[in-house]
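My numbering applies: residue -8 is where the sequence shown begins, and numbers increase by one.
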Amino acid sequence: MKIAVIGAGSWGTALAGMLGEKHKNVVLWARSAKLADEMTERRENTAYLPGVKLPDSVKFTADVNVAAVDASIVVVVTPSHAMRETAAKLAGVIKKDTIVVCASKGLETGTLKRMSEVVVEEIPVVAERIAVLSGPNHAEEVGLKQPSATVVASPWRNVAETVQDAFITSYFRVYTNPDIIGVELGGALKNIIALGSGVAEGLGFGDNAKAAFMTRGLAEIGRLGTAMGANSLTFAGLSGVGDLIATCTSCHSRNRRAGLMVADGKSVDQIQTATNMVVEGIRSTIAAYELARRYDVEMPITQEIYRVLYEGANPLEAVSQLMSRGRTHENEEVAIIENWL
């Protein structure tokens, strides 16, 4: 089995290294020929995942066709804003029996589509061979073989289980789930809540505030997700609450770090300039804000984060807006119970 990993950021590199421990033919594609050459020479991605040595079974290339040709599984790990361009490049080399796994967490601004939808639009031949991978998986920890768990989702059970078998290792446990919508939305929307969690931490708020923020953020994710056709139970799993906890609290989380910078008065442009990695929550906030309007779903946390990032609202003012909202029930279903004693 040949497995191609498209995207040599930290997560793509960690996945390639993990897969290379199990399979003899893994190819990692980097956009930069210089980076591909450096990884070939050093067996390490010093730019994005320093300190993690990659096995000899992993090869490197800057030619996407060389990477993907004759691959049984193609794992796409490029940033959300580059997904359509990358998928278009792959369209000519992907065969109908190839499984494509989207391992990027984000939404396409403009179209508001999930990553798997973007891939299928550009590569229609994989419409029934598409899967997504999502969960509380920091590249730094997976790269060091620390115990982790994840979810692979596909409407087709044989596809999900094929990917499960290919990815599962002694330190990387893989579960399956048919709810591709919920798994993708959990992975994309939690980045927005992690931004806000970083803001709350940067403003000096305590554990009470951060716990409340994450919990109500999860409620928003579930509210929009179910409106878009997801199974509400998915958000109680690894790709929902699990990923949310990891991203909101970890020192590895770039979205949390971006929130800290927002609390410090930094603008979106300043944050993006200061990091060599993509902060997906910044773009996903735009898409989620528009999706909430499209589906007429109440998402007050997302709305306030949008105001802070794109309308110049003061973070403290945004917190005040959230805290002074009209009183409501914790569970929306209570509102329709007529005989609540």
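Every residue, glycine too, gets a C-beta built ideally from N, C-alpha and C.
Taking 8 Å as the limit between beta carbons, can you name the residues of its chain near residue i, skipping five residues before and five after?
| i | result |
| --- | --- |
| Lys104 | Leu98 and Glu112 |
| Met(-8) | His14, Asn16, Ser63, Ile64 and Ala157 |
| Glu323 | Arg214 |
| Gln294 | Tyr280 and Ala283 |
Alpha carbons only, please: which of the options is nearest the one belonging to residue i?
| i | options | result |
| --- | --- | --- |
| Val66 | Met290, Phe196, Thr89 and Cys242 | Thr89 |
| Pro339 | Lys15, Val270 and Arg284 | Residue 339 cannot be examined here, being either before or after the span of the chain that is shown, -8 to 332. |
| Thr100 | Thr276, Val165, Leu307 and Ser315 | Thr276 |
| Asp28 | Asp54, Gly42, Gly3 and Lys15 | Asp54 |
| Leu307 | Gly231, Leu194, Gly272 and Ala278 | Leu194 |
| Asp61 | Ala191, Lys86 and Cys239 | Lys86 |
| Met290 | Ala221, Glu12, Gly0 and Leu313 | Leu313 |
| Met30 | Gly0, Val57 and Asn56 | Gly0 |
| Gly220 | Pro169, Ser311, Glu321 and Glu132 | Pro169 |
| Arg148 | Tyr166, Glu35 and Gly134 | Tyr166 |
| Ala237 | Gly178, Lys136 and Val150 | Gly178 |
| Val150 | Glu321, Val91 and Thr319 | Val91 |
| Val57 | Gly231, Leu81 and Glu32 | Leu81 |
Taking 8 Å as the cut-off, decide whether the C-beta atoms of residue i and residue j are in contact.
| i | j | result |
| --- | --- | --- |
| Ile(-3) | Leu10 | no |
| Glu175 | Ser125 | yes |
| Ala144 | Ala5 | no |
| Tyr162 | Pro138 | yes |
| Ala140 | Arg164 | yes |
| Pro46 | Gly8 | yes |
| Gly197 | Leu235 | no |
| Phe226 | Gly173 | yes |
| Ala78 | Val110 | yes |
| Arg247 | Cys239 | yes |
| Leu180 | Leu215 | yes |
| Val117 | Ile171 | no |
| Ile296 | Ile159 | no |
| Gly3 | Leu26 | no |
| Val190 | Gly250 | yes |
| Ile262 | Gly187 | no |
| Val299 | Ala283 | no |
| Pro41 | Glu35 | yes |
For residue i, count neighbouring Cβ atoms within 10 angstroms of its own Cβ and tell me buried if that reaches 16, exposed if not.
| i | result |
| --- | --- |
| Pro115 | exposed |
| Met252 | buried |
| Tyr39 | buried |
| Cys93 | buried |
| Tyr286 | exposed |
| Glu192 | buried |
Please work out which residues of its chain come closer than 7 Å, Cβ to Cβ, to residue i, disregarding the five sequence neighbours upstream and downstream, and give them in chain order.
| i | result |
| --- | --- |
| Leu224 | none |
| Val133 | Ala5, Met9, Ser139 and Phe163 |
Using a Cβ-Cβ cut-off of 6 Å (strictly less than) and excluding sequence neighbours within five positions of residue i, which residues of its own chain qualify?
| i | result |
| --- | --- |
| Ala278 | Leu98, Thr100 and Leu103 |
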